[in-house]
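Positions in the sequence shown are counted from 1; adding 1 to them yields our numbering.
Built from N, CA and C at the ideal position, the CB exists for glycine as well.
The structure displayed is predicted, hence computed values, not measured ones.
One structure is given below, encoded as structure tokens.
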Amino acid sequence: MSGHVLLVRLAAPLQSWGTVSRFSRRDTHGRPTKSGVIGLCAAALGHDRAEELGELAAVRFGVRADHPGTPVRDYHVVGAGRYPVRPRDIITDHRRAAALSASMANTEGTAFGHHELANWYGAPKYIVTEPDSGALVSKQLSRAGLVTERWYLADAAFVAALQHRDRALLERVAAALESPKRLLWLGRKSCPPSGTLAGPLSSGTIEDILQSTALLPAQSVAARPSTRPWAWIEAAPGTPTATAVQDQPVTFDADRRAHTTRWETRTRVTIAENATEWDIIP
């Protein structure tokens, strides 16, 4: 089925497309996911998480790995320790206010915002109601540090392709990617995109457009260009060599977030000699 194809440049020093992300270990897929890219587009358009995705989820998706990048691991420690007491800490927990009052009496001349309370965790995650007074207090007064493992792709550059019969829809997405209504990131909030996102919008199929469009410039001088990059292209169920992936977004609503199955094929892309070059800000 032919239609119109919008190319999206996904490049940054770091990106991370998690598939199985738990708090202690957050992985990354080796390439951008459809749910991640559709979420990126929905954010650019200003959609609320609970808003129906509609035709945006119906686009046919493909991604070409021009520069797959290098997997890197971040050894990350969160929580524990003591932090300067903030005004909201006093308001939300009367016990903390009393402890701070006693502490400040012994530290005259110290400006507010520089006081620490011994054995008191400074960023409470759990707030409960105190049985006697009914006031809101911190459930966790102290906490040990938590070690987490987070994976990223460094110096990667991908080309995502969105195919749809409605050219006006893709034009709105392209405009929104360059003037987004919400903050954008490549899979994780710590991975903002660099440079231009919206690429050319052409008539045809994903297969044809990826072959006729040049490779993206490398993000690093150490990155080796691929002469025949891999591409993963959405296919109809039952297509020979197609594999099932649990990556079709249904809703991003935090209370009922859901994905379903879609199918894709993996293939090498031979770039045409007269391929169209990119007109982008890297």
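Following the continuous beta strand (DSSP E) through residue i, name the residue where it begins and the one where it ends.
i    : result
G47  : Careful: G47 lies outside any beta strand (DSSP E) and carries neither H nor E.
V78  : T71 to V79
L7   : G4 to Q16
L163 : L147 to H165
L30  : Sequence inspection shows His at residue 30; the Leu mentioned does not correspond to that position. No beta strand (DSSP E) holds H30; DSSP gives it neither H nor E.
R61  : R61 to H68
I272 : Unbroken run through I272: none, as it is neither H nor E.
D133 : Neither: D133 is in no beta strand (DSSP E) and is coded neither H nor E.
I234 : W231 to A236
Where does residue i land, buried or exposed, given buried means 16+ other C-beta within 10 angstroms?
i    : result
D254 : exposed
G299 : Any answer about residue 299 is impossible in this case: the structure gives the chain only from 2 up to 283.
L11  : buried
R267 : exposed
V78  : exposed
D291 : As displayed, the chain neither begins before 2 nor continues past 283, which places residue 291 out of reach and without an answer.
I207 : buried
S134 : exposed
Are residue i and residue j closer than 8 Å when you measure CB to CB?
i    : j    : result
V6   : G205 : yes
D28  : T34  : no
A66  : P250 : no
Q247 : L154 : no
A58  : K182 : no
V174 : C42  : yes
W233 : R74  : no
T277 : A215 : yes
P69  : A157 : yes
G63  : H165 : no
D202 : E172 : The identity of residue 202 in the sequence shown is Leu, whereas the question assumes Asp. Yes, the Cβ-Cβ distance between L202 and E172 is below 8 Å.
T284 : A245 : Only positions 2 to 283 of the chain appear in this structure, which leaves residue 284 out of reach.
V9   : G200 : yes
Q212 : A162 : no
Measuring straight from C-alpha to C-alpha, what distance separates residue i and residue j?
i    : j    : result
W264 : T242 : 10 Å
E131 : T149 : 31 Å
P218 : L178 : 20 Å
R257 : S104 : 45 Å
I39  : T262 : 15 Å
S195 : R96  : 46 Å
R269 : D209 : 13 Å
T228 : N275 : 14 Å
Where do the N-terminal and C-terminal ends of the alpha helix (DSSP H) with residue i fall, by residue?
i    : result
A177 : R168 to E179
D209 : I207 to Q212
Does the CB of residue i have a neighbour CB from chain B at under 8 Å?
i   : result
H77 : Here chain B cannot be found, since the structure has a single protein chain.
Open item on the list: I want to know whether the stretch 49-56 touches the stretch 182-194 - three or more CB-CB distances under 8 Å.
Closed with: The stretch 49-56, when compared against the stretch 182-194, does not touch it at the 8 Å Cβ threshold.
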